[in-house]
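Visitor: Mind having a look at this structure? Questions to follow.
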Amino acid sequence: MQKCIAKSCEDLCEGSFCHYHDEVLCKHILKNGKRCAQSRRFGQQYNNMCGIHWKLYPLSESEMQQHQREHEENLKKEEEELQEKIKKIWDESAERMKRSREEHEERMKRQREEFQGRREEFAKAKKKKPNSVLEAEGIFSNDDFKKWARNHHPDKGGDTKLFQEVSFLVRQKMW
1 MQKCIAKSCE DLCEGSFCHY HDEVLCKHIL KNGKRCAQSR RFGQQYNNMC GIHWKLYPLS
61 ESEMQQHQRE HEENLKKEEE ELQEKIKKIW DESAERMKRS REEHEERMKR QREEFQGRRE
121 EFAKAKKKKP NSVLEAEGIF SNDDFKKWAR NHHPDKGGDT KLFQEVSFLV RQKMW
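Okay, so the sequence shown: first residue is 1 according to full-length UniProt numbering, each after it adds one.
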């Protein structure tokens, strides 16, 4: 490291030294809005150096072209990396969408199976369920009713409402 040659650059650089390497950037802002690159190694384009450093490091035509090529190659590499990142993101997104769709289809299939199972259970229960109070009480003939009535008569502690309902239904049936 050496003391900054240009006196006007001292206050532009960090500290009292101008590091002509890529450790510290000159604080000088160029007309194009970029910071001074301060060294050839750091600044890939000759116009990325402030006037003071440009005078310290004048570049030949071939060096300028080489810097330009390197800059273009770096831009190309950056663009390729960006394209790869974008492709990766799209692939991940497509994979997530596919997984989500598969999970949804699986969930819907399970729900359909559960619904079908409940429907079958309901159908079985409906078949088992008696169609009327008479069937529920096991009354299929007048003889059945007489036996039932002896055991369930309200005078013998049976349910009055149930006895009345069954009697009414038996009168309607009239076997």
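For every residue, glycine included, the Cβ atom is placed at its ideal position computed from N, Cα and C.
Phe-163 and His-152 look like a contact to me (Cβ under 8 Å); what is the Cβ gap, rounded to whole Å?
Guide: Here residue 163 refers to the residue found at position 163 of the sequence shown. Here residue 152 refers to the residue found at position 152 of the sequence shown. Rounded, the Cβ-Cβ distance is 6 Å, consistent with contact.
Visitor: Check for me: the alpha helix (DSSP H) holding Ser-167 runs from which residue to which?
Guide: Looking up residue 167 in the sequence shown gives position 167. From DSSP, the alpha helix (DSSP H) with Ser-167 extends over 160-173.
Visitor: Applying the 10 Å Cβ sphere with the 16-neighbour rule, what's the burial state of Ile-139?
Guide: One-based indexing of the sequence shown puts residue 139 at position 139. It counts as buried.
Visitor: Taking the C-alpha atoms as reference points, what is the distance between Arg-96 and Ile-89?
Guide: One-based indexing of the sequence shown puts residue 96 at position 96. One-based indexing of the sequence shown puts residue 89 at position 89. In a straight line, the C-alpha of Arg-96 is about 10 Å away from that of Ile-89.
Visitor: On the DSSP letters alone, give me the boundaries of the alpha helix (DSSP H) that His-152 sits inside.
Guide: Counted from its first residue, the sequence shown places residue 152 at position 152. Element bounds for His-152: 142-152.
Visitor: Going straight from the alpha carbon of Arg-112 to that of Glu-102, what length do you get?
Guide: The residue you call residue 112 lines up with position 112 of the sequence shown. The residue you call residue 102 lines up with position 102 of the sequence shown. Each residue's alpha carbon lies about 15 Å from the other.
Visitor: Helix or strand or just coil, what does DSSP make of Ile-139?
Guide: Locating residue 139 in the sequence shown gives position 139, where the first residue counts as 1. The answer is coil: DSSP assigns Ile-139 none of H, G, I, E or B.
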